[in-house]
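Number of protein chains: 2
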Amino acid sequence: MPKLVIIGTVALDNIRTPFGEVSNALGGSAFYAGLSASYWTDVGVVGIVGKDYPEEGFSVLARHGIDSKGIERSEGLTFSWSGEYTYDLNTAQTLRTDLNCLLSFNPVLPESHDSLETLFLANIDPEIQAKVLDSLPVRPSLVVLDTMNFWIEHKKDALQKVLRRIDVLTINEGEARMLSGQFSLVSAARTILGMGPATLIIKRGEYGVLVFNRESVFASPAYPLEDVRDPTGAGDSFAGGFIGFLTSQGKFSDDTLRQSIVVGSAMASFCVSDFSTRAIEGLKRTDILKRLESFSSLTSYQALPLMSLRTEG
Amino acid sequence: MPKLVIIGTVALDNIRTPFGEVSNALGGSAFYAGLSASYWTDVGVVGIVGKDYPEEGFSVLARHGIDSKGIERSEGLTFSWSGEYTYDLNTAQTLRTDLNCLLSFNPVLPESHDSLETLFLANIDPEIQAKVLDSLPVRPSLVVLDTMNFWIEHKKDALQKVLRRIDVLTINEGEARMLSGQFSLVSAARTILGMGPATLIIKRGEYGVLVFNRESVFASPAYPLEDVRDPTGAGDSFAGGFIGFLTSQGKFSDDTLRQSIVVGSAMASFCVSDFSTRAIEGLKRTDILKRLESFSSLTSYQALPLMSLRTEG
């Protein structure tokens, strides 16, 4: 029985980067987030695929103990994203988006998901995100929502409505500026927190994340990797690790928030080291522990001795 | 008697940002770095100014206890930089550079600087940086060097020669890629550490710094500010705070390195909050202590409870 339910896309991706390319590769926001979260808690994925979707996708989910009863098999074709990255791996250029069966996506949570505690509404139409919230008999104790520039531009009202009903929003820098109309991220965060979510996670690609809530600001770097091969899914792997760990802790405080951000960052660092979901499938315990240790060493420093500070007042 | 000697430019700047403009404002790499370092140790500044340089510049240095005997007064005009920033405050567009008296800069350390322990060679011609090292009877225990794209492009041999003689190099992301010929910063760092310096500080503007040495990697964010008014001097204020604090500690370990990076980042965060050197002049003890506390809160998190990690191996 999943404690965490993730609703989003299950896709077949065509990706080209300076380091190679893949076609019809397993992907999609809910797929990446689900795999990443599965290392930390019981996960159910809700999405839709077409008749062309390979059984391999379901096997991967099953091997990670993920409940896929919420993935509808439709008569159409699977949602497909084709994108390209140049050496600046921070921004993808979308070559083609084939919505296909996503156009008829009407997510319904199966009965096995009745005991959900946390919900991740990955990046889809904010009207669908709202309908999912409407359909739940009890509000989960934590709702995380991801969105993108397209919805901010074309469905801002629907987006603002659903923002009032969630706890954590994850968006990237440019989207935070677009949504708030403010250039300074500190000002942007204040405006966005005023729209509803108690916590805002601003994703900055290879520079990590900035996290704002009413209490504090937390900055977590991206793990500096020798080789980044494919950034696709980094944000979703981050979100999955984040909410997966948070769900496992069973409480939402500033302390667990920060710890969850670090877990999310570590999971994202695995994701980008290889194409598609290759690197976040079948991760070993020792790999994860080692990466989390490196993360701690990456940012920690001893308390400052301040007797040399020379000014008064 | 300065323990830290800083050699670089003393300038009059003309700066325009979306938030205002100043002309003939106090600036220059050694001036910014000197002020920033003066909160932590005894500083001497070595540079050259013209007959148009205002007495106010010397008064500011004196108020901060900085030894300015090493600043030569020449018959020409003071070095002047004119630049503009758009809303993306990360990159300056240089409108005009008037080298003026800088063309005849031949730095000579006055006798009062004989007891120097640490040396900051701010961004000037690498041949001059090497001549300064040649002129010292005893090598300081720590030498930090800053440079820029212009020297990497036009005096790479001279630069590589001087890199073999220093301890810490500070450059920005683009320059690290240019100097190493590598895109990945981890690979770039390995290549650059192979050129001589034991420590490499990669400056990433509003994203903070990445620090590489043979032992470890350290990431420190930039402090998220509501209002950044003028980024001029941020890198020099960072370097000044960094080497100033490090000098005050009297030892160079991975621990003091990390602490010094945090102090540098805090000093830089003051610098950018107002035009020219306004914000790093006359800082109060409480302001600095408060900012350092905020910095610690910005990056710290509690050890991760890992009993929920579900994978084996």
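In order, the protein sequence lines correspond to chains A and B.
Count the first sequence with my numbering and you get residues 1 to 313, in order.
Count the second sequence with my numbering and you get residues 314 to 626, in order.
C-beta: ideal position from N, C-alpha, C; glycine also.
Could you tell me whether the Cβ atoms of residue i and residue j are closer together than 9 Å?
i                : j                : result
Ser550 (chain B) : Ile328 (chain B) : no
Asp146 (chain A) : Met1 (chain A)   : no
Thr170 (chain A) : Phe79 (chain A)  : no
Pro107 (chain A) : Gly47 (chain A)  : yes
Ala176 (chain A) : Val217 (chain A) : no
Ser74 (chain A)  : Gly50 (chain A)  : yes
Thr703 (chain B) : Tyr85 (chain A)  : The displayed coordinates of chain B run from 314 to 626. Any statement about residue 703 (chain B) would go beyond what the structure contains.
Ile280 (chain A) : Phe295 (chain A) : no
Ser265 (chain A) : Thr612 (chain B) : no
Leu136 (chain A) : Ile166 (chain A) : no
Leu109 (chain A) : Val138 (chain A) : no
Ala471 (chain B) : Gly518 (chain B) : no
Leu402 (chain B) : Val585 (chain B) : yes
Val162 (chain A) : Ala130 (chain A) : yes
Using a Cβ-Cβ distance cut-off of 9 Å, determine whether residue i contacts chain B.
i                : result
Leu200 (chain A) : no
Ala319 (chain A) : Past the boundaries of the shown model lies residue 319 (chain A); chain A is included only from 1 to 313, so the question cannot be answered.
Gln129 (chain A) : no
Arg258 (chain A) : yes
Leu210 (chain A) : yes
Gly65 (chain A)  : yes
Pro224 (chain A) : yes
Val217 (chain A) : yes
Ser296 (chain A) : yes
Tyr32 (chain A)  : no
Tyr85 (chain A)  : no
Gln249 (chain A) : yes
Rounded to a whole number of angstroms, what is the C-alpha to C-alpha distance between residue i and residue j?
i                : j                : result
Arg229 (chain A) : Ala338 (chain B) : 46 Å
Leu225 (chain A) : Tyr301 (chain A) : 21 Å
Lys469 (chain B) : Val43 (chain A)  : 55 Å
Arg258 (chain A) : Ile202 (chain A) : 14 Å
Leu306 (chain A) : Asp227 (chain A) : 39 Å
Pro439 (chain B) : Ile152 (chain A) : 49 Å
Ala11 (chain A)  : Thr232 (chain A) : 12 Å
Tyr87 (chain A)  : Phe496 (chain B) : 8 Å
Leu622 (chain B) : Glu293 (chain A) : 14 Å
Leu455 (chain B) : Met491 (chain B) : 25 Å
Phe565 (chain B) : Leu513 (chain B) : 14 Å
Gly83 (chain A)  : Thr97 (chain A)  : 9 Å
Ser23 (chain A)  : Asp13 (chain A)  : 6 Å
Val45 (chain A)  : Val5 (chain A)   : 6 Å
Val186 (chain A) : Tyr53 (chain A)  : 43 Å
Leu61 (chain A)  : Glu55 (chain A)  : 10 Å
Asn149 (chain A) : Ile128 (chain A) : 16 Å
Does residue i get closer than 9 Å to chain A when you measure Cβ to Cβ?
i                : result
Ser497 (chain B) : yes
Trp353 (chain B) : yes
Ser372 (chain B) : no
Leu416 (chain B) : no
Tyr614 (chain B) : yes
Lys597 (chain B) : yes
Val541 (chain B) : yes
Pro534 (chain B) : yes
Val481 (chain B) : no
Asp568 (chain B) : yes
Thr407 (chain B) : no
For residue i, which of the options has the nearest alpha-carbon?
i                : options                                   : result
Thr473 (chain B) : B:Cys414, B:Gly546 and B:Ser493           : This sequence places Gln at residue 473 (chain B); Thr is not what is there. Comparing Cα positions, the closest option is B:Ser493.
Leu99 (chain A)  : A:Leu309, A:Leu77 and A:Phe150            : A:Leu77
Ala30 (chain A)  : A:Arg73, A:Ile7 and A:Gln129              : A:Ile7
Ile261 (chain A) : A:Leu133, A:Val144 and A:Ala62            : A:Val144
Glu486 (chain B) : B:Leu415, B:Tyr520 and B:Tyr536           : B:Tyr520
Leu102 (chain A) : A:Thr91, A:Asp254 and A:Ile124            : A:Ile124
Pro331 (chain B) : B:Tyr536, B:Ala405, B:Ser610 and B:Val373 : B:Ala405
Glu111 (chain A) : A:Val272, A:Asp254, A:Gly264 and A:Ile71  : A:Ile71
Lys316 (chain B) : B:His467, B:Pro453 and B:Ala616           : B:Pro453
Arg361 (chain A) : A:Ala268, A:Arg278, A:Gly282 and A:Asp274 : What the structure shows of chain A is the stretch from 1 to 313, and residue 361 (chain A) is not part of that stretch, so it cannot be assessed.
Thr191 (chain A) : A:Gln249, A:Leu304 and A:Arg164           : A:Arg164
Leu304 (chain A) : B:Leu596, B:Lys597 and B:Ser561           : B:Ser561
Glu334 (chain B) : B:Ala535, B:Thr599, B:Gly595 and B:Asp587 : B:Asp587
Thr354 (chain B) : B:Asn403, B:Asp447, B:Val576 and B:Asp567 : B:Val576
Ser59 (chain A)  : A:Ser104, A:Asp254, A:Leu289 and A:Gly282 : A:Gly282
Ile601 (chain B) : B:Asp568, B:Asp567, B:Phe418 and B:Tyr536 : B:Tyr536
Taking 8 Å as the cut-off, does the CB of residue i come closer than this to any heavy atom belonging to the ligand ATP?
i               : result
Arg96 (chain A) : The ligand ATP is not part of this structure, which contains no ligands at all.
The region 107 to 121 of chain A / the region 207 to 222 of chain A touching (three or more Cβ pairs under 8 Å): no
Contact set between the region 445 to 461 of chain B and chain C, restricted to residues whose Cβ is under 7 Å from the partner: Within the model displayed, chain C is absent; protein chains A and B are what it includes.
Touching by the beta-carbon criterion (3+ pairs, under 8 Å), the region 379 to 395 of chain B and the region 346 to 356 of chain B: yes
Touching by the beta-carbon criterion (3+ pairs, under 8 Å), the region 193 to 200 of chain A and the region 235 to 249 of chain A: no
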